[in-house]
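Below is one structure, written out as structure tokens; the observations come after it.
4 protein chains.
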Amino acid sequence: MGKKTAIIHSAIEVFQEQGIEKTKISDIVKRAGIAQGTFYLYFPSKLSLMPAIAEEMVAKTMDIVQRTVDDRAAYSKQFEQMVDAIYEVNREYYEIMAVIYSGLASTEHIREWESIYAPFYEWISEKLEAAREEGAIRQSIKPERTAKVIIGLIESTAEQVFLYAHRDESEADRQKEEVLDFLSHALQFKTVKS
Amino acid sequence: MGKKTAIIHSAIEVFQEQGIEKTKISDIVKRAGIAQGTFYLYFPSKLSLMPAIAEEMVAKTMDIVQRTVDDRAAYSKQFEQMVDAIYEVNREYYEIMAVIYSGLASTEHIREWESIYAPFYEWISEKLEAAREEGAIRQSIKPERTAKVIIGLIESTAEQVFLYAHRDESEADRQKEEVLDFLSHALQFKTVKS
Amino acid sequence: MGKKTAIIHSAIEVFQEQGIEKTKISDIVKRAGIAQGTFYLYFPSKLSLMPAIAEEMVAKTMDIVQRTVDDRAAYSKQFEQMVDAIYEVNREYYEIMAVIYSGLASTEHIREWESIYAPFYEWISEKLEAAREEGAIRQSIKPERTAKVIIGLIESTAEQVFLYAHRDESEADRQKEEVLDFLSHALQFKTVKS
Amino acid sequence: MGKKTAIIHSAIEVFQEQGIEKTKISDIVKRAGIAQGTFYLYFPSKLSLMPAIAEEMVAKTMDIVQRTVDDRAAYSKQFEQMVDAIYEVNREYYEIMAVIYSGLASTEHIREWESIYAPFYEWISEKLEAAREEGAIRQSIKPERTAKVIIGLIESTAEQVFLYAHRDESEADRQKEEVLDFLSHALQFKTVKS
DNA sequence: AATGAATGAGAATTCATTCAT
DNA sequence: GATGAATGAATTCTCATTCAT
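Chains as they are written, first to last, in my numbering: chain A, 1 to 194; chain B, 1001 to 1194; chain C, 2001 to 2194; chain D, 3001 to 3194.
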């Protein structure tokens, strides 16, 4: 396996366990089983790792979302599944996600962010487009803009509950329910067959 | 002016300019015009600054919100004003807000976060409660839960647009409009007199 | 004593003992009896020490020269004493002097060099001026220019003998004699009373 | 062209541009267009490069000197040409020359230095010998010793002017003239046919 | 011979925190 | 309370050198 990938995976694991602030480069390379100097062959600093990690996390999220969402289910069901999936990822990786949401921990690497998130925006956008064409949601929806709003809504509330109400599962469930309710009214799901 | 206040304001300024990661205590005290050691008379450590800053920022946000929102306007108008106000604060302080949203840059002081944000949640909660009682929004709204969701929605989308679409004003306006539209359908504003 | 002075003196000593290349900042501070970080309060790097050391060495050289040269002796004698003195300093500090001669080990700090050496040039210049006025040396001598040439002559030959003929005393003596002979003819000492 | 030569020339170029202290092996091999490891096929270490470079520079100097000096001209003219030539080389390579003069940047390889410089000493020595035999300079000259003194004189003053009066051509010319005047009196050129 | 990714010992450097004044 | 020079533990980062291909 490429050393670069090894570093990224190792970093995610270590960040997960001991927090980002407290993680030293030496922790990352130890876990990755490579030499200290090798790290610098691939990344100039700890922070420059973040875009690569963000990419990995977004990919991970999309992967789980796509595997959770059943394309043949009703759209309202599909969005429910999506919320479930996103909450799931945030439950597990809440600290890393927090840093990703906050602009990759610094202003340096932000330009890349847009392109990292793009495929996810697009996926939801297409889902909304299809739903609208089938009349499953209100016609005034603008898929691209709404996609961003929906992701913001889901991720920020997931963040709230996992970062601050720290692993209170019932609280998370109630929050999720509320978000779904909020989303349903915002999109105005119609009962049509998908 | 108290040195403590001077430190907080200086820190906000410096964070704004060079990012939080890269800011040293020495930068903060230099700007504040006080000695290095004086910092520790008011804050036991560097990290303990963050809650104080968050408090300041939330207070600032609430202040602007309260001064912008016209209590006698229709509720739909009031929420529009609120969105405007929150976007305003985020436009100016997007980097600091990013850090506040992401858990105060570290997991240590999170407990305090809840209490810092509480008055803001409460204010919106009461607004929703009143609106529901007057029949201005749908009856199924649960004020406390919805308050959190609304703040998450507004702040995360504001963050998206200011952090990543970096000061593209027209983009910000379109995003704001979309959020308002989304919110309107979610709350189902009725045309009643306020 | 000032920490800065302590650092400079410590550095000269350590450079003397183990060579400049091999000397670590930690060696210097250890000898100076201060903390590692304190070094950086006064000098940004090891190389930035060099102008300060050069200044010290030039001062040391001038000091020895002035104490060795007898103002009431014949000029030819005075120049002999000067050569003796300069060779003496170079014998003891040949490695440090080598670095000073080579432009302070880097091109960065060269501007300062001129001003460091100035008082030494001036001293010789005045000596030549006086000698010429008294008719002790040839009238065509241009004091300022010749001063530089003389210092170059003495220091470079001293360097040759101490750096390369490494502490071969008889070789050094013969070289010194040759330089003096060379110098005498170049200046054309006349036998006049000083 | 041999890789070894490529390395030496590349090193001279890079040293010239960024200084010796700051030059890494990787810079040298990059410029030479060869792989990092290849360096070690030709030189056992970084420091072992220096004598090779010195050799190259001395050879270059001798080459220019020999091509500039007209054997059939008067000796005073020949020495003038020699000074010109040496100043020329120092004008172009002052930084590298500085390092060579200062003992090859470290005390390790000094022994080799003597043998590197030997042919140059010898060449001048023979020139002086011939001049003395022909009665063109004073009879008391000791060719071998004087050769060293002359080289020291010329090189150190050239160094002074190119390293510190940084490329001030008129200053260089005046210095050169002074050196020549100084040298003429020291050698006591007689007007005889060469 | 040539390569260049990988190494890791070793040094530089940082900066939050302390404390004598 | 205020100061700011001094500290030194903790980390980052460098780069000459190696070695499997």
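The C-beta atom is built at its ideal place from N, Cα and C for all residues, glycine as well. Source: prediction; values computed, not measured.
Same chain, Cβ closer than 6 Å to residue i, five either side skipped, listed in chain order
i, result
"N52 of chain A", "At residue 52 of chain A the sequence reads Ala, which differs from the Asn that was named. Result list for A52 of chain A: I8, in chain order."
"E3144 of chain D", "S3125"
"F2015 of chain C", "T2023, I2096"
"A1006 of chain B", "A1032"
"F43 of chain A", "L49"
"E1056 of chain B", "I1008"
Cβ-based neighbour list, residue i, same chain, cut-off 7 Å, excluding 5 preceding and 5 following
i, result
"I154 of chain A", "V83, I86, V179"
"A1105 of chain B", "Any reading at A1105 of chain B must be qualified, since the residue scores a pLDDT of 48, below 50, and its modelled position is unreliable; the value itself is stated next. Once the five neighbours on either side are set aside, the close Cβ partners of A1105 of chain B are I1020, M1050, V1099."
"A3158 of chain D", "I3086, Y3087, N3090"
"W123 of chain A", "M62"
"V2200 of chain C", "Here chain C has residues from 2001 to 2194 only, and residue 2200 of chain C is not among them."
"R1031 of chain B", "S1010, E1013, V1014"
"P2119 of chain C", "M2062"
"V2058 of chain C", "I2116, Y2117, F2120"
"F1079 of chain B", "L1183"
"A35 of chain A", "V29"
Contact with chain D by residue i, beta-carbon distance below 8 Å
i, result
"G2135 of chain C", "no"
"I2113 of chain C", "The residue asked about is misnamed: residue 2113 of chain C is Trp in this sequence, not Ile. Cβ-Cβ to chain D under 8 Å: yes for W2113 of chain C."
"Q2160 of chain C", "yes"
"T2061 of chain C", "no"
"K2127 of chain C", "no"
Minimum Cβ-Cβ distance from residue i to chain A less than 8 Å
i, result
"S1156 of chain B", "yes"
"V1058 of chain B", "no"
"A1186 of chain B", "yes"
"Y1093 of chain B", "no"
"A1098 of chain B", "yes"
"Y1164 of chain B", "yes"
"E1021 of chain B", "yes"
Minimum Cβ-Cβ distance from residue i to chain B less than 8 Å
i, result
"Q18 of chain A", "no"
"V89 of chain A", "no"
"G152 of chain A", "yes"
"L49 of chain A", "no"
"S102 of chain A", "yes"
"R145 of chain A", "yes"
"S194 of chain A", "Any answer about S194 of chain A is weak, because its pLDDT of 40 lies below 50 and its placement is not dependable; what the coordinates show is given next. It does not; no Cβ of chain B falls within 8 Å."
"K190 of chain A", "no"
"H142 of chain A", "Looking at the sequence itself, residue 142 of chain A is Lys, so the reference to His does not match. Taking Cβ atoms only, chain B reaches closer than 8 Å to K142 of chain A, which makes this a yes."
Min CB distance residue i to chain C below 8 Å
i, result
"E3055 of chain D", "no"
"K3024 of chain D", "no"
"K3148 of chain D", "yes"
"R3138 of chain D", "yes"
Other residues of its chain near residue i: CB distance less than 8 Å, five sequence neighbours each side excluded
i, result
"I1137 of chain B", "Y1075, L1128, A1131, L1187, Q1188, F1189, K1190"
"E2171 of chain C", "V2161, A2165"
"D1168 of chain B", "V1161"
Contained alpha helix (DSSP H) runs [length at least 4] in the region 46–70 of chain A, N- to C-terminal order: Taken in chain order, the unbroken stretches of alpha helix (DSSP H) that lie wholly in the region 46–70 of chain A and span 4 residues or more are 50–68.
Inter-stretch contact at 8 Å, needing at least 3 Cβ pairs: the region 2022–2031 of chain C / the region 2070–2080 of chain C: No: fewer than three Cβ pairs fall under 8 Å.
Given 8 Å, three or more beta-carbon pairs between the region 3158–3178 of chain D and the region 3087–3097 of chain D: Contact between the region 3158–3178 of chain D and the region 3087–3097 of chain D is present, because at least three Cβ pairs lie under 8 Å.
Those runs of the alpha helix (DSSP H) which lie wholly inside the region 2072–2136 of chain C and span at least 4 residues: Scanning the region 2072–2136 of chain C from its first residue to its last, the whole alpha helix (DSSP H) runs of 4-plus residues come out as 2075–2092, 2094–2101, 2110–2133.
Against chain B: residues of the region 169–183 of chain A by CB proximity under 9 Å: The region 169–183 of chain A vs chain B, Cβ under 9 Å: R174, Q175, E177, E178, V179, D181, F182, L183.
Minimum length 4: unbroken alpha helix (DSSP H) runs contained in the region 2009–2033 of chain C: Fully enclosed alpha helix (DSSP H) runs of 4 or longer: 2025–2032.
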